[in-house]
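Written below as structure tokens is the structure these notes are about.
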Amino acid sequence: MIDKSILKFPNIKKILTLLVGITFLQACAIVGQACFLAGAIVGLWEGQQLNKQLFKILLFAVCFCVRQAITFFRERVLDHYAAEQAGELRQQLLTKIFHVGPEVVQQNGTGNVTTMVLEGIDQVENYLHLILSKIISLMIIPWVILLAILFFDWKAAAFLLAIFPVIIIFMIVLGYAAQAKADRQYKTYQLLSNHFVDSLRGIDTLKFFGLSKRYGKSIFRTSERFRVATLNTLKIAILSTFALDFFTTLSIAVVAVLLGLRLINGQMLLYPALTILILSPEYFLPIRDFSGDYHATLNGKNSLSAIEQILEIKETVTTQQQLPDWNAQSRLQITGLTFRYAEEQPQIKMTLNAEGYQKIGIIGLSGSGKSTLINLLSGFLSPTAGRIRVNGVELTSFSQHDWQQQVIYIPQNPYIFKATLRANIAFYQPEATIEQVREAIKVVGLTQLVSELSNGIDTVIGEGSRTLSGGQAQRIALARAFLDKKRKILLFDEPTAHLDIETEVELKEKMLPLMENHLVFFATHRLHWMKEMDQIIVMDAGKTIEQGTLKELKQQDGSFVHLSSLVGRL
Amino acid sequence: MNIFRILKNDSWIKPFLHKYRKSLILALILGFITFFCAGALMFNSGYLISRSASLPENILLVYVPIVLTRAFGISRPVFKYLERLTSHNWVLKMTSELRLKLYQVLEKDAVFFKNDYQTGDILGLLSEDIDHIQNLYLRTVFPTIIAWLLYIFIVIGLGYFSLWFALVMLLLFAVVIFVLPLWSVVINGARQEQQKQMRNQLYTELTDNVLGISDWIFSQRNLQYTEKHVQHEKKLRKVTQEIRNFNHTRNFIAQLIFCMIAVALLLWTSRYFPGNHGGQANWIAAFVLVIFPLIDAFAPLSDSAQETNIYKDSLLRFNQLQNKQQVKVETLQNQAKLDTPYTIEIKHLDFRYTDGDKLIIEDLNLKIAGGEKLAILGRSGSGKSTLANLIRGDRRPTRGTVELNQQETALLGDDISNYIGVIHQTPYLFNTSIRNNLSIGDESASEQRLWDVLERVGLKQLVAALPEQLDTLVDEAGLRFSGGERHRLALARILLKDVPIIILDEPTVSLDPVTEQELIETFIKELHGKTLIWITHHLQGLSLMDRVVFLEDGRLQMSGDPQKLAETSAHYRKLLAIDHGI
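Chains as they are written, first to last, in the UniProt record's numbering: chain A, 1 to 570; chain B, 1 to 582.
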């Protein structure tokens, strides 16, 4: 009944042993509590003095308190254990995510990744807590109680034992029926429940079409349909709880009536009968507790398997190689570099040479494979085949520590952290002095921005604070590159695609000097950059279709000229 | 207590309590009966076996308790089942009303809503708030009121037998029902607030850094971040543990009280129902056993009370929304229908967002003739989109006027949608079928017309090849379609609506140049004859326009037809040269 993945947690055996021990003790306390209470009541019923019952009442109270104290203790122990495991798991998950990098984030979505790290792990913690306490209770308490009842009266015990599997079978059967019904309705259900947030998101569109006022009626109608659908599902879904409830309370009633009839016939005494009556609800309590938290455990179980999936991602174990720092004499040779995202997508197959501080322009339309190439060069993606030689050192992928620490990667939307402007600029060089940061600001032309900020370079920028324009974000990325003089390889992935033309011109003036003395790969579809490049690669469907200097390409009058005529058709 | 203060000034929840009071009362009564039956079952059973043990000469003497025991045994689960259905039904009814209300409030400010709340997914948040309010009812309000009803019933019931004992129970139960929940809210409230803030902070931090993950990896500082996160997490863990420890202790105390109640019942019944092998003493077991099933009704109250701290924010958010909206100005109704030709005239237009801000638009004069194709060019932040909002009348000028055929557009209200259509940079596609997405343009459009417009925008083949054609669902947020295709669908909607004036608000900037060029050509061809106001920040496609105006810092800088501008304006020539590239 306990999930295998739970047994993998460290120290689980120790905890389980402890839990079994204290739960057994608790079961004894429950039996004791019932016996002493019944004893006291019977004593009074027989007309004995209250004084004579005080000892039994005291023992009842002691058993009651022991039982609750064990619950208290068990909760504390499990809190501690579950929290410890959750903390461990969270650290593993974070380390994994921040190691494997953007690929995991892209596949799962940023929102899902953060939710997994925060809420997902909380759910696992909860799951661990619940499942351990409830399952152990279910495995011990009813059976100890049943033994006690057997001691008093085997017939009642036999009845209670027989009803147990009936309850379980009914719950399972009804559970499946509800699931089947819910599955059938799932699509409509999903659609209806998303309808509201979908309408809110598109509310401006509705307004533009003059429909927004009338649409309120549709919202209400859909919501009412949702209500009816939910209730229909609910009618079945809560049937399994109903069955559980029905059988347990009815069993108690049946036991009471049976006991009563046998008492009348003089086949039994009040004391055992009353004890059995008090114990019957306790017999069913663990299964009711367990089913009540069933959904919470389900979420936890799903989160746990989702987390395990990420933890099991194999990091492409590329043997880390020593690479010398890139300099004017360095050479990069790439032959037959192959990669494909998925079957239906075009395969990238590239051969490419670069040396020293060359500037290499990569152009092509959307989907031609420019970004994939840049991602391969950055080491975020690992090629499936191909030879890479950096200064004679053979590599299988660019996911190399020594390579990545020489690279600056500037995407279309450089990410601006929610931090001070200074921390953002000095992200790659946290120990940079304030003078160095100021110089970088001047070089990339951010002085104007700094003067507008209330706290100068110590103003917090980024999401939720002052947001920057696309051009300003690019300048910060450039400032990062400027500060880090050690990194000699620049990868640009359409850095200006979304900027207005005047901003682009201003930025270009700042970018060109920075590119000096760097190996540059520049993917773009803005052709005017090609004038600055030493080598141009024209890509289409993942392949190089033309390569050479601007002059050569113009003379060839091939794909490049065709592309520029397409783009320049003003 | 905070939640009470919020509830006092609430205008979101209270009206519906009144409106659906009948089913509300029904749900509460059913909840009460459920626990009543549970208690009565044990009461009866206790009496039954005590009475039986006193060996009545005739079985008929215990006939009534036998029947009652069975009846209560069956009715408890039945009433519980009904209670759950009724309460869910009630809550969902209220949800429908809440959704409608939320929608109507947001609708007034629809165009700017996304801009007003820059961060996070406020819309998603608001719709989650509705779920929170559902839980407030199902998990806090209902159980609490039901427990109160039981409490009153128990105290009055015991009062019938003994006044002073009823008073003892009144006090003992009051500890569980009032003292412990209040204590929890007060003590844990502050901790929960702290916990929430820490959690939010962790959430924003983590999101921020996951978004910037590639920089962490390149800078090879990733270990630094994970360590920092784990440290913050530890602090949060400490607070969470404090809350839990408090809860465990409090639950233990509550159980001690229940133990005291059980013992007190035993002591009282021993005095009140004396007997020897039966008689009055048969009632002892009945009264003592009834307490155990009732623990289920009272024990969770403290946790429920504590949960209100979580719902507080949702309630607050709704009520603030209302306050903010009340500032808006109403528009005039019942405008006379405007006729061709449609001329837009902007005179001495000034605009600033709030008093004291700098002017976004400054003394702008512009006349757009019917059927003219006008491009408004400017860099980001120059006020282009604000100008578009002013033209459509979604914003009111600070000074000056924007008129459509001598009518101020800001006063036209929703009628403006019959004259001006808009296509945005990221057109929103609703998560429904293609057909429904198109019908937004014209709800009565025939099948044939839908296919016609799809053909005009170049999507006919694509849609015809889909498994369910027009009834195919566009995936959530329209991800199934590429950027260019989404714009074509948006264009199809506009074509169905058939308005005389179209504003294109940077519709093509995120596309690659070839896709962009094709799209522009489709736009120009299909919208021929209509007034076209095209807002853009680069030059592609400008040669197809009749007139280009430059907007810089809220002022008009150059204006003229593209050919003439290329001849006369050095600035324009320079931009052209850059854009041509090589």
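Virtual Cβ for every residue (Gly too), placed ideally from N, Cα, C. Given the structure is predicted, the values throughout are model-derived calculations rather than measurements.
With fewer than 16 other Cβ atoms from the protein chains shown falling within 10 Å of its own Cβ, Tyr176 (chain A) counts as exposed. From the beta-carbon of Thr207 (chain B), the residues of chain A found nearer than 7 Å are Thr110, Thr114. Counting C-beta pairs closer than 8 Å gives three or more between the region 544–563 of chain B and the region 352–371 of chain B, which meets the contact rule.
Burial state of Val499 (chain B) is buried, judged by a 10 Å Cβ sphere holding 16 or more other Cβ atoms.
DSSP, reduced to helix, strand and coil, places Leu519 (chain A) within a strand of the structure shown. Within the region 94–176 of chain B, no complete beta strand (DSSP E) segment of 3 residues or longer occurs.
The alpha-carbon separation between Val520 (chain A) and Val407 (chain A) amounts to approximately 10 Å.
Short of 8 Å from the beta carbon of Leu7 (chain B), and not among the five residues preceding or following it, lie these beta carbons of its own chain, in chain order: Ile13, Lys14, Leu315. Judged by beta-carbon spacing, His277 (chain B) lies beyond the 8 Å limit of Ser52 (chain B), meaning their Cβ atoms are not closer than that value. Boundaries for Asp557 (chain A): no alpha helix (DSSP H) harbours it, and the DSSP string shows neither H nor E there. Inside the region 336–424 of chain A, DSSP marks whole alpha helix (DSSP H) runs of 4 or more residues at positions 370–378, 401–404, from first to last along the chain. About 5 Å separates the beta carbons of Leu265 (chain B) and Val288 (chain B), which is inside the 8 Å limit, making them a contact pair. Trp45 (chain A) and Pro274 (chain B) have their C-alpha atoms roughly 8 Å apart. For Tyr409 (chain A), the chain B residues whose Cβ falls inside 7 Å of its Cβ are Ser214, Phe218, in order along the chain. Around the C-beta of Phe55 (chain A), fewer than 16 other C-beta atoms lie within 10 Å, and the residue is accordingly described as exposed. Between Leu311 (chain A) and Leu93 (chain A) a beta carbon distance of about 6 Å is seen, short of the 8 Å cut, so the two are scored as contacting. For Gln358 (chain A), the closest of A:Ser368, A:Ile278, A:Arg184, A:Met515 by C-alpha to C-alpha distance is A:Met515. Residue range 420–423 is occupied by the beta strand (DSSP E) that includes Val422 (chain B). By the Cβ neighbour-count rule, Val255 (chain A) is buried, with 16 or more other Cβ atoms within 10 Å of its own. Assigned with DSSP and collapsed to three states, Phe9 (chain A) falls in coil, not helix or strand. Asp79 (chain A): member of the alpha helix (DSSP H) spanning 50–100, first to last residue. If you draw a 10 Å sphere on the C-beta of Phe492 (chain A), you find 16 or more other C-beta atoms in it, and that means buried. At least one CB of chain B lies nearer than 8 Å to the CB of Cys65 (chain A). For Trp534 (chain B), DSSP records a beta bridge to B:Ala375, B:Leu504. Residues of chain A whose Cβ lies closer than 9 Å to the Cβ of Tyr342 (chain B) do not exist, since the nearest Cβ in that chain is about 16 Å away.
Just so you know, the alpha carbons of Ala465 (chain B) and Ser368 (chain A) end up roughly 24 Å apart.
Cβ neighbours of Thr447 (chain A) within its own chain (closer than 7 Å, five residues either side excluded): Ile441. Partner residues in the beta bridge of Gln333 (chain A), as assigned by DSSP, are A:Asn353, A:Arg389. In the structure shown, Thr447 (chain A) adopts helical secondary structure according to DSSP, grouped into three states. Rounded to the nearest whole angstrom, the C-alpha separation of Ser96 (chain B) and Leu512 (chain A) is 59 Å. Membership of Val255 (chain A) in the alpha helix (DSSP H) is indicated by the continuous run 239–264. Taking C-beta atoms as the reference points, Ser397 (chain A) and Pro411 (chain A) fail to come closer than 8 Å.
By the criterion of a C-beta distance shorter than 6 Å, Ser371 (chain A) is surrounded in its chain by Asp493, once the five residues flanking it on both sides are discounted. Ser50 (chain B) belongs to the set of residues whose beta carbon lies under 8 Å from a beta carbon in chain A. DSSP, reduced to helix, strand and coil, places Met533 (chain A) outside both helices and strands of the structure shown, so it counts as coil.
By the CB criterion at 8 Å, Leu387 (chain B) and Leu138 (chain B) fall outside the cutoff.
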